[in-house]
Amino acid sequence: MLARPHRHLPRADVTPPSEQPPPVELSIRSHREADDGTLVIEVTGEVDLDTAPHLAAAIIECLDREASRGPCILDLTAVTFLDSAGLTVLLQATRHAGRRHASLPVVVDANRPVIRPIEVTGLDDVLALYHTVDEALQAPRP
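Note that this note's numbering has the sequence shown beginning at 84, numbered continuously upward.
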């Protein structure tokens, strides 16, 4: 019987849970702009399967209150990641706004993690996209 040579495999570098970075969170902050009561929803962080429902809830709440408080603008300029769950939220929110005879301006810059998935999926033809909040504030409303 031949003896097999003993191989040393590299050990995986496993970080203990106490030293792992905290999970990425989504920050959603709303503030009023302009005299017409426009509500700007500022989103910071990653929009993914875990965080997308929180974004959806914030947008729907804003759109449902739009008639009495003023229009909504969604600012995604500080978003660092946008996956298919986030894209679905954007599409559903735009459809929800349309059913309410409203619009949902979406502010994006040249931030590739946001604009690239929007362009690849063709949502740039569906969403009302603007480069700045000021540009979105100046846009005509339905």
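Even glycine gets a Cβ: it sits at the ideal position worked out from N, Cα and C.
These figures come from a predicted structure and were not determined experimentally.
A check of alpha carbon separations from T134 across D119, T163 and V191 identifies T163 as the nearest. One alpha carbon belongs to E129, the other to A168, and they sit about 11 Å apart. The shortest C-alpha to C-alpha distance from L109 to any of C155, A185 and V126 is the one to V126. Just measuring C-alpha positions, the residue of L173, C145, A140 and I143 sitting nearest L206 is L173. Linking D119 to P154 through their CA atoms gives a straight-line distance of about 8 Å. With contacts defined as CB atoms closer than 9 Å, T160 and N194 qualify as a contacting pair. Taking the Cα positions, A141 is about 8 Å away from I111. Under DSSP, P136 shares a beta bridge with no residue.
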